[in-house]
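Take a look at the structure set out below.
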Amino acid sequence: MFCFLALAEARERVSRYPRYTTKIIADKHGGHRVVRVPVAEKNWKAGSPLQHMFVAKKPAIYLYPTKTTDLTVGVMLNKDQFTATVPEFTQGTMWNVTAKPNGDIIYKNKVVPYLFWEAYTDMKMQFKEGFFVKKGQGRQFLEKVLTAFNLNDREKFDFITYWLPTLNRLGDSFVSFQLGNYCHSVPLITSVEPDTIICVFMAIKKAEPEDKLKPTQTIPHLERKGFTLIEWGGSVVRSNEINLLK
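Encoded structure:
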């Protein structure tokens with residue numbers, strides 16, 4: 192999910208669900224925009240059998256407003272799709288929090304480093320392009336690609352400590368970042384509109400010989416300006432699940 196958005200700063204304190212909030216969506220040109228929607232909107236595919244979905248592992252949301260800000264952040268999925276959230280949702284599938292410029296998030300008078308969720312999703316992950324990562328080169332690969340995404344040292348450390356063991360365990364891997372595909376499939380909603388959104392969602396599978404011939408993915412580099420929202424996560428796709436993506 193990538194966007195540069197210059198939007199008016201919201202002034203209203205959020206202590207409950209607002210009548211309207213903002214939704215980050217992908218457009219047909221590959222960009223992203225924020226639109227106002229009623230909080231009651233349900234943009235999920237109800238009734239999708241969980242056994243045909245993939246788990247989005249440890250999406251972590253970081254918030255960097257330009258000043259201390261009260262806001263609501265939510266994930267537009269059915270509540271029964273979630274396997275874990277830390278902290279717990281305040282209501283529905285949303286958190287009411289206070290965010291500080293240094294990245295601290297205040298939730299019920301406690302400081303948390305980020306908002307964590309994990310859920311089943313029916314996102315159709317693509318592996319048409321990406322990166323062939325040889326066994327033992329996962330650390331160098333992640334450091335390089337996360338720097339290209341313009342993640343800071345703290346975000347890179349959190350990402351690498353979570354995902355490096357997976358790359359090491361798989362051996363030779365093929366990695367494809369889902370970019371706008373993830374934004375469209377798992378939209379966030381926010382009551383205060385971010386100026387910059389950077390999303391890093393990594394789809395991983397054990398490499399096959401033909402993966403070496405696939406084109407290398409281009410990673411957009413965005414400047415972090417104004418209120419910045421960062422989200423990262425990923426999913427491991429097993430060889431017997433590849434047909435579900437077609």
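Quick note: the sequence shown uses the working numbering, first residue 192, plus one each step. The beta-carbon is built from N, C-alpha and C at its ideal position, and this holds for glycine as well. Since we're looking at a predicted model, the values are computed, not measured.
DSSP three-state assignment for residue i, whether helix, strand or coil
i, result
"Asn287", "strand"
"Leu262", "strand"
"Gln272", "helix"
"Met244", "The predicted position of Met244 is uncertain, since its pLDDT is 48 and thus under 50; a value taken from the coordinates is nonetheless stated next. Three-state result, Met244: coil."
"Lys301", "strand"
"Ala197", "Annotation note: pLDDT 24 at Ala197 (below 50); position unreliable, coordinate value reported separately. Three-state result, Ala197: coil."
"Leu370", "coil"
"Leu306", "strand"
"Leu413", "coil"
For residue i, the residue or residues it bridges with in DSSP
i, result
"Ala398", "Answer is none; Ala398 lacks a bridge partner."
"Tyr253", "Ile421"
"Val336", "Val336 is not bridged to any residue."
"Met393", "Phe368 and Gly425"
"Leu379", "Val266"
"Thr281", "DSSP output for Thr281 lists no bridge partner at all."
Residue i vs residue j beta-carbon contact at 9 Å
i, j, result
"Pro385", "Thr419", "yes"
"Val324", "Asp363", "yes"
"Pro304", "Arg345", "yes"
"Asn293", "Tyr255", "yes"
"Leu358", "Phe332", "yes"
"Ile252", "Leu342", "no"
"Lys405", "Lys319", "yes"
"Glu391", "Gly417", "It should be noted that the sequence gives Val, not Glu, for residue 391. It is not a contact, given that the beta carbons lie outside the stated cut-off."
_So within the region 316 to 362, which uninterrupted alpha helix (DSSP H) runs reach at least 4 residues, ignoring any that extend past its ends?_
If we require 4 residues or more, the alpha helix (DSSP H) runs fully inside the region 316 to 362 come out as 329 to 339 and 344 to 361.
*Decide if the region 277 to 285 is in contact with the region 259 to 267; the criterion is three or more beta carbon pairs, one per stretch, under 8 Å apart.*
At 8 Å Cβ cutoff, the stretches touch.
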